[in-house]
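Participant: Sending over a structure as structure tokens; questions will come in a sec.
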Amino acid sequence: MATFAQGLDASKLILAEAVLSFSISPFTAPAYNLPIFLFGLYVQESQEASPLSLRTFSGLLGASALFDIIWFTQNKQSVLLNLFSILILLLKAPTFFAFAGTLNSRGVSGINLRGADFGGTTVWSMPGGFTSGGREGYQVVESEIQRPAANHAPSGNPPSAPGAYQSV
3 MATFAQGLDA
13 SKLILAEAVL
23 SFSISPFTAP
33 AYNLPIFLFG
43 LYVQESQEAS
53 PLSLRTFSGL
63 LGASALFDII
73 WFTQNKQSVL
83 LNLFSILILL
93 LKAPTFFAFA
103 GTLNSRGVSG
113 INLRGADFGG
123 TTVWSMPGGF
133 TSGGREGYQV
143 VESEIQRPAA
153 NHAPSGNPPS
163 APGAYQSV
């Protein structure tokens, strides 16, 4: 479900939930949904929004789903309002996953939906450049250093690429 929801348009999901929350706000309904969705609209559309704002909205959205379940057990609604409230609750899951995808697409590792992906694109390296690329671990002091033969460039001006600036 996470990959399906990440392909959804988060702004349209938030807009739909904000409209539904606004439409049931004059009646007996959770009062926290409309402000959360308005904040989500702002965070989604704002280019200046920090990654912290996206994480905050995602956390509020997840917590509000839990609060909705508690609210349903404590309050009674008419059938139509109950249908709208359940629809809002059901739309929160794909919205949460879509915002997690937005966080990942913006380069923020806020919500990891894949778990510990050790076999994926993670690149592991040791501090100080001790990686497996060319050198295998530490070098013993007594061992002889093997350096590749240096390629000496011919004297004079090297040929420049076509269309490149040339010095006079």
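When you line the sequence shown up against the numbering used here, it's residues 3 to 170, in that order. Think of the CB as a built atom: it goes at the ideal place given N, C-alpha and C, for glycine as much as any other residue.
1. Could you name each continuous alpha helix (DSSP H) segment of 4 residues or more that falls completely within the stretch 67-111, going from the start of the chain to the end?
2. Buried or exposed for ILE88, going by 16 or more other Cβ atoms inside 10 Å?
3. What residue range does the alpha helix (DSSP H) around TYR44 cover?
4. For LEU22, tell me which candidate among ALA102, LYS94, ASN106 has the shortest Cα-Cα distance.
5. Taking the beta carbon of GLY42 as the centre, do at least 16 other beta carbons fall within 10 Å, making it buried, or is it exposed?
6. For LEU91, which residues in the same chain have their Cβ closer than 7 Å to its Cβ, ignoring the five residues on either side in sequence?
7. So, VAL45 versus LEU56, is the Cβ gap smaller than 8 Å?
8. Pick helix, strand or coil for ALA31, following the three-state DSSP scheme.
9. Measure the alpha-carbon distance for SER60 versus LEU10 and round it to whole angstroms.
10. So for ALA51, helix, strand or coil by DSSP?
11. By Cβ distance below 8 Å, which residues in the same chain neighbour GLY117 in space, the five residues on each side in sequence not counted?
12. Taking Cβ to Cβ, would you say LEU83 is nearer than 8 Å to ILE26?
13. Taking DSSP as the reference, what is the three-state secondary structure of LEU56?
14. What are the boundary residues of the alpha helix (DSSP H) that LEU10 is part of?
15. Measuring only the C-alpha atoms, how far is ALA65 from GLN76?
Facilitator: Working from what's here:
1. The qualifying runs are 81-107.
2. Exposed, by the Cβ-count rule.
3. That run of the alpha helix (DSSP H) goes 35-47.
4. By alpha-carbon distance to LEU22, the top candidate from ALA102, LYS94, ASN106 is LYS94.
5. Under this definition GLY42 is a buried residue.
6. Excluding positions up to five away in sequence, the list reads ALA67, ASP70.
7. Yes.
8. Here ALA31 sits in coil by DSSP.
9. As the crow flies, the alpha-carbon of SER60 is around 15 Å from that of LEU10.
10. Coil at ALA51, not helix or strand.
11. Low local confidence applies: a pLDDT of 47 at GLY117 is under 50, so the model's placement there is unreliable, with the coordinate-based value given in what follows. Cβ within range, chain order: n/a, list empty.
12. For LEU83 and ILE26, yes; Cβs fall inside 8 Å.
13. LEU56 sits in a helix when the DSSP states are folded into three classes.
14. Careful: LEU10 lies outside any alpha helix (DSSP H) and carries neither H nor E.
15. Spanning the two alpha carbons is a distance of roughly 17 Å.
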